[in-house]
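These notes are about the structure you will find just below.
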Amino acid sequence: MNPVKLLLLFFAFLTSGGMKAQMDAPQPVVFIYVEGTPYPMKASDSQSELKKGWDIQGINVGRKIVRYFWNAHAGQLADSQPRFAIYPKKQLLSDYALIRLKEKKTHRQMPAAAFDDCDYMRVDLHSFHIENLPDMGFAVSPLRPLAPGEYILVDLSQTPVNEYGDIRAYDFRVIKE
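Just remember that this note's numbering sits 54 ahead of the position in the sequence shown, which is counted from 1.
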C-alpha cells in the first residue's frame, strides 16, 4: 500500500475517535485538603440489602432496606475538622451534607436508608465555615470538631445510581488526634 494512503488512513482513524477505548472520566467534584493541599476524593457507591421482615396474617412487618459501604474503614483519613473543596455542578452547596455511619465488622452502614431519616449536618453557614474558591468552588470545614468515626459527604439532591436506590458519596474517617 502507498505510504501516503496509509498515513491518511491512520490520520482518519485517529480523528474519528477510533483510539478512544472508553469515555473520558468526569472531573472530580469534591477534594479534601491534606496539609493545605487539595486532593481529589474518590466517590463510593452504597449497596442495599432488603431485610424481609416477617408475615403476620398476610401483612408484612419489619421489612426495611439497609444501605452500607463496603470495607470496615474508609481509605481517606481526616482530622476532626476536615476541610473540603466542593465544586457543585448543577446542585447547590446546601445540597451537600455530612452523615455519620454506623461501624460494623466488615462494612459501614447508614443510620437509615432514606436521607430524611438520617441525622445529617447540611453544608450551610450555621454548621460550616465557607470560603469562595476560583471557578465557582467553595472551601468548607465544620465549625465544631467531628467525633472520631466514619462519615460520608453526600449530595442530598442526587438521583440514585441504580434501581435499588443506592447513592454515591465521598467517605472518610475521622481519627482520634
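Where is the CB? At the ideal position from N, CA and C, for every residue including glycine. Every value quoted in this text rests on a predicted model; they were computed, and no experiment measured them.
Extent of the continuous beta strand (DSSP E) run through residue i
i, result
"SER195", "191–196"
"TYR174", "174–176"
"ASP225", "222–228"
"GLU185", "182–187"
"VAL83", "No beta strand (DSSP E) holds VAL83; DSSP gives it neither H nor E."
"ALA97", "Per DSSP, ALA97 belongs to no beta strand (DSSP E) and is neither H nor E."
"GLN163", "161–163"
Between the CA atoms of residue j and residue i - distance to the nearest angstrom
i, j, result
"GLU217", "ILE119", "13 Å"
"GLN135", "LYS159", "25 Å"
"SER211", "VAL228", "25 Å"
"GLN76", "GLY129", "The pLDDT assigned to GLN76 is 45, lower than 50, so where the model puts this residue is not dependable; a value taken from the coordinates is nonetheless given after this. For GLN76 and GLY129, the distance between alpha carbons rounds to 26 Å."
"TYR87", "ILE110", "52 Å"
"HIS180", "ASP171", "20 Å"
"MET190", "TYR141", "6 Å"
"LYS144", "TYR150", "12 Å"
"SER148", "GLY112", "43 Å"
"GLU157", "ALA166", "13 Å"
"MET95", "GLU89", "15 Å"
"ARG154", "SER195", "15 Å"
"PRO92", "PHE226", "15 Å"
"LEU200", "ASP220", "25 Å"
"HIS127", "PHE192", "27 Å"
"ARG117", "LEU152", "26 Å"
"SER100", "GLY107", "21 Å"
"PRO202", "LYS230", "6 Å"
"SER102", "TYR122", "6 Å"
"PHE138", "VAL115", "41 Å"
"PRO214", "ARG222", "8 Å"
"PHE169", "VAL177", "14 Å"
"ASN125", "TYR224", "14 Å"
Residues sharing a beta bridge with residue i, DSSP
i, result
"PHE169", "Note: PHE169 sits in no beta bridge, so no partner."
"ASN114", "ASP109"
"VAL208", "ALA151, ALA223"
"LEU131", "ARG227"
"THR91", "VAL88"
"LEU104", "ILE119"
"GLU157", "ARG162"
Proximity test, Cβ basis, 7 Å: residue i and chain D
i, result
"GLN101", "Of the protein chains in the structure, only one exists, and it is not chain D."
#### Entry: contact_flag[the stretch 184–191, the stretch 199–207] where n(CB pairs < 8 Å) is 3 or more
no
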